[in-house]
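Chains as they are written, first to last, in this note's numbering: chain A, 108 to 515; chain B, 108 to 515. Cβ coordinates follow ideal geometry from the N, Cα and C atoms, glycine included. It should be emphasised that the depicted structure is a prediction, and the values quoted were computed from it without experimental measurement.
Protein chains: 2
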Amino acid sequence: MPNISKRALQVPISPFRKLIAIAEEAKAKGKHIYHLNIGQPDIKTPAEAIEKVQNTNIDILEYSPAVGYESYRKKMVGYYEKFDMIVQPENIIITTGASEATQLIFNACLNEGDEIVIPQPYYANYNGFAHMANVSIKPITTKIETGFALPSPEAFEAMIGPKTKGIMITNPNNPTGCLYDKETLLQLGEIVKKHDLFFFVDEVYREFCYDGQQFFSALNIKGIEDHVVVLDSISKRYSACGARIGAIVTKNEEIIKAVAKYASLRLSPPGLGQILGEALVEMDDLYLRETKNTYDRRRQVVFNRLQKMEGVTSYLPGGAFYCFARFPIESAEEFCKWLLEEFEYQGASLMLAPGNAFYAQDELGTDEVRIAYVLNEEKLEKAMDCLEQALIEYRSVMELRQATEMER
Amino acid sequence: MPNISKRALQVPISPFRKLIAIAEEAKAKGKHIYHLNIGQPDIKTPAEAIEKVQNTNIDILEYSPAVGYESYRKKMVGYYEKFDMIVQPENIIITTGASEATQLIFNACLNEGDEIVIPQPYYANYNGFAHMANVSIKPITTKIETGFALPSPEAFEAMIGPKTKGIMITNPNNPTGCLYDKETLLQLGEIVKKHDLFFFVDEVYREFCYDGQQFFSALNIKGIEDHVVVLDSISKRYSACGARIGAIVTKNEEIIKAVAKYASLRLSPPGLGQILGEALVEMDDLYLRETKNTYDRRRQVVFNRLQKMEGVTSYLPGGAFYCFARFPIESAEEFCKWLLEEFEYQGASLMLAPGNAFYAQDELGTDEVRIAYVLNEEKLEKAMDCLEQALIEYRSVMELRQATEMER
């Protein structure tokens, strides 16, 4: 029997995936699990858009153009305009989610061995995509104490070596919920220009900016139009993760041509998903405003509850639907496992994402967790009740364990 | 401005894509073009399955499991059973078309620098997928004179070197329409076993076997269960190319695990497409039988007409919906361009795929074309009228050109 590839053995996947099986076991035993571990919202996909797909007359579900339906790309122009992102349909390539967008852009822009600088903690699957494209991620660490603000331009520049080809950020950020403001973007733009780098910006949480803050797209930085590539997706803003529809947006024609070549190999992005995407973009903004307000309220719930828990450090996230927190524990991985296997409060427990999954170095983030506020306020309160209780119990469990070990 | 990647400049895409722009120009000038160049059928997607998707209650279009919905994979078991392919749901991973299936399997099974042997002419996009995975294709040439039958086992074995990790075939074949029978499969199985290779078999045209021939899946070869990986797609059999739903089927657990890792990175295959796939597999076989009969009649039309054209060599394809032919011309690329730019018969012309696109070496297939019989019989007859007339005219054009050149 032939061996599978070495790269398949090495490809880094989310280390917290193993918790999923444990969660399933817990649920099978009748324990209710509040899933705050994933970016799968509980918000309903807009019914009017689903209805439109369901009323569309489809005779033959043909391949779409490799870059996506022109009618859809034209409508996306109007969507981006609302964020002052002035683009043409030919600046947009529709992709199979932001996941494919990331893969396409790594292949189109980076050679094997190239490096990109990414602030950490960062979206864990970037590791896998970088591995697939044979490029390295150089992480630059941000900290909860400073609300995960980006390090100084000098610190950023110190990361840039001869192999560095780009900077990548997620704005607003997953997993930290940090929103990078215009000033921060302009500063990064200066670095990008000075070192002639690509600037990959994952803006899939664009709609979710709180406290009256304005979203500022990297596409609006003057003078680096050819450097900027925006990665996008309808998954989060319309709660349509299963549609698998994303986009690459760039004013750099060479990148568009290169991406289009790769896109032509896989023939076309999903057709039904594109019909849904087109229906979504035709909607007025009420749904998006309401969704944002919903997440905003949830954000307050999670943050307020975390604030009251002893030994917990958190910060009020400015965007997306994630909250990062430091717990008075040694190993978040162990704690998350314990939550599923051992702990129960009023018939329930919760699942969180251990923080170290979002760092390039194993030793970082070991006492941190990511909390996705993808459940309604009532459920979030109950999940926070669980968490509060769990942290108290866990301390006793740890103290007892230490005492037992010392006795030995 | 930073440069795009070297690999993007080098990635091989279908060389006949440039003809598409020329065809668009011809159509803009009012010429009707019969598109026999692509694998996009004109057959309607089953209306009852589309209707089912449209009647499905979708509250939240969530991520599906990375390997695809379990309910769908369970039903696929029943589908495969009809071809005596006895598998379990956990042997199946749902992919974003056979295109993604190919990419996933190259990454999961092959290391960089590995080689796979593929009979040529072969599906042109394999070149791009191999390039992306940094693996080499070693082509073994098959010929129209022998109906593109596979070379002897000895010839096959002569292609196998220390870096050869697998054999890949498309059965029935695109672009040749050749159906490999059980005996051929068993012979390949022997080689696969002897040299401990993977056996990747693209079976997306499984339904379309003519003249009473039975399809024999590579999954049924005894003793090499761990070597065989079947690539599948609903695109062709249900005329649902835009759904972007395919599958990887293998009894090798290690491969399943490795593919699942890569699949988890891109989170999930298209959700709406999977709902469609599930509705399709619930249907009875009437649609598939009728579709096969339709293609069979078209096949006869194309073959019979080609037979009567002077200087044309063809053969009656045993499967899929393609016919390969050799024309009395020097350059099929030039001829196909001429068809679009210069030729017109009763207000129309046709578009074919030049044969050299399907060979690894530029000098092969230069006088061959692939004809996809994806139009109805009436249109096919008219397209064949055009072709017949074109070959006559083209001869005069060529003779005149030669005479002019000799005078100089």
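Quiz item: If you run the structure through DSSP and keep just helix, strand and coil, what is B/Thr277?
Solution: strand
Between A/Thr163, A/Arg114, A/Gly384, A/Asn144, which lies nearest to A/Glu177 when the distance is taken from Cα to Cα?
-> A/Gly384
**Message:** Taking the alpha-carbon of B/Ala497 as reference, which of B/Leu487, B/Arg396, B/Leu471, B/Phe450 has the nearest alpha-carbon?
**Reply:** With distances taken between Cα atoms, B/Ala497 lies closest to B/Phe450.
For B/Arg433: DSSP bridge partner residues: Note: B/Arg433 sits in a beta bridge opposite B/Thr420, B/Glu475.
Report task. State the Cα-Cα distance for the pair B/Lys415 and B/Arg405, rounded to the nearest angstrom. Result -> 16 Å
Neighbouring residues, chain B, relative to A/Ile362 (Cβ below 9 Å): Correct list: Ile111, Ala115.
- Item | Rounded straight-line distance, which links the Cα of B/Thr209 to that of B/Val311 | 12 Å
Notebook entry, point to check: Where are the alpha helix (DSSP H) runs, 4 residues long or more, that stay fully inside the stretch 329-366 of chain A, in chain order?
Noted result: none
Check: Would a C-beta distance cut-off of 7 Å place B/Ile247 and B/Val224 closer than the cut-off?
Finding: Between B/Ile247 and B/Val224, the C-beta gap is smaller than 7 Å, which places the two residues in contact.
_For a contact defined as C-beta to C-beta under 8 Å, what are the partners of B/Lys598 on chain A?_
Summary: the structure shown does not reach residue 598 of chain B, with chain B confined to residues 108 through 515, and so no result is reported for it.
Bridge partners - A/Pro246, DSSP secondary structure assignment:
Answer is A/Ile225, bridged to A/Pro246.
*asked:* Beta carbons nearer than 8 Å to chain B: which residues of the stretch 303-331 of chain A have them?
replied: Asp303, Leu304, Phe305
Note to self: Is there a C-beta anywhere in chain B that falls below 7 Å from the one on A/Pro282?
What the structure shows: Any Cβ of chain B closer than 7 Å to the Cβ of A/Pro282 would place that residue at the interface, and such an atom is absent.
How is A/Leu457 classed by DSSP in three states: helix, strand or coil?
-> strand
Query raised in the report: If you check the beta carbons only, do B/Ala186 and B/Val388 fall under 7 Å apart?
Result: The question names Ala, but residue 186 of chain B in the sequence shown is Tyr. Closer than 7 Å, so yes.
Check: Any idea what DSSP makes of A/His302, helix, strand or coil?
Finding: coil
| said: Going by C-alpha to C-alpha distance, which of A/Ile140, A/Gln468, A/Ala386, A/Gly472 sits closest to A/Ala347? | reply: Ranking A/Ile140, A/Gln468, A/Ala386, A/Gly472 by Cα distance to A/Ala347 puts A/Ala386 first.
_Just to confirm the assignment, what range does the beta strand (DSSP E) spanning A/Ile140 have?_
139-142
### Task
Consider the Cβ of A/Val118: report whether some Cβ of chain B lies at a distance smaller than 7 Å.
True, the Cβ-Cβ gap to chain B drops below 7 Å.
query: Buried or exposed: which applies to A/Met275, given that a residue is buried once 16 or more other Cβ atoms fall within 10 Å of its Cβ?
result: In the assembly as shown, A/Met275 is a buried residue. Its beta-carbon has 16 or more other beta-carbons within 10 Å.
Opposite B/Asp309 in the DSSP bridges: which residues?
B/Thr277, B/Leu338
Discussion item. Spatial neighbours of B/Thr152 within its chain, please: C-beta separation below 7 Å, excluding the five flanking residues on both sides.
Written reply: Around B/Thr152: Tyr345, Ser346, Ala347.
Taking 7 Å as the threshold (beta carbon to beta carbon), is B/Lys368 in contact with chain A?
yes
Notebook entry, point to check: From A/Glu132 to A/Leu459, what does the alpha carbon distance come to, in whole angstroms?
Noted result: Taking the CA atoms as reference points, A/Glu132 sits about 16 Å from A/Leu459.
task: Could you tell me whether the Cβ of A/Thr253 comes closer than 7 Å to any Cβ of chain B?
output: no
- Task: Output the distance between the C-alpha atoms of B/Gly425 and B/Ala231, rounded to the nearest integer angstrom.
- Result: 20 Å
Does the distance from the C-beta atom of A/Ser342 to that of B/Leu217 stay below 7 Å? no
Worksheet item: Pairing CB atoms from the stretch 352-359 of chain B with CB atoms from the stretch 349-364 of chain A, are three or more of them under 8 Å?
Response: no
Residues in the stretch 329-350 of chain B with C-beta within 7 Å of chain A's C-beta atoms, listed in sequence order? Asp333, His334, Ser346, Ala347, Cys348, Gly349, Ala350
### Task
With DSSP as the reference, please indicate the residues paired to A/Thr283 in a beta bridge.
BP columns for A/Thr283 are empty, so no partner.
Q) Can the beta-carbon of A/Ala350 be found closer than 7 Å to that of B/Leu168? A) yes
Check your understanding: Name the chain A residues that come within less than 8 Å of B/Ala215, Cβ to Cβ?
Key -> Ile111, Ser112, Ala115
**Proximal residues to B/Thr420 (C-beta, below 7 Å), its chain only, five neighbours per side dropped** = Ile251, Ala432, Arg433, listed in sequence order.
Measuring only the C-alpha atoms, how far is A/Asp288 from A/Phe213?
About 25 Å.
Are the beta-carbon atoms of B/Phe322 and B/Arg313 separated by less than 7 Å?
yes
### Query
Cα-Cα, which of A/Val409, A/Lys181, A/Met390, A/Ser324 is closest to A/Glu290?
A/Ser324
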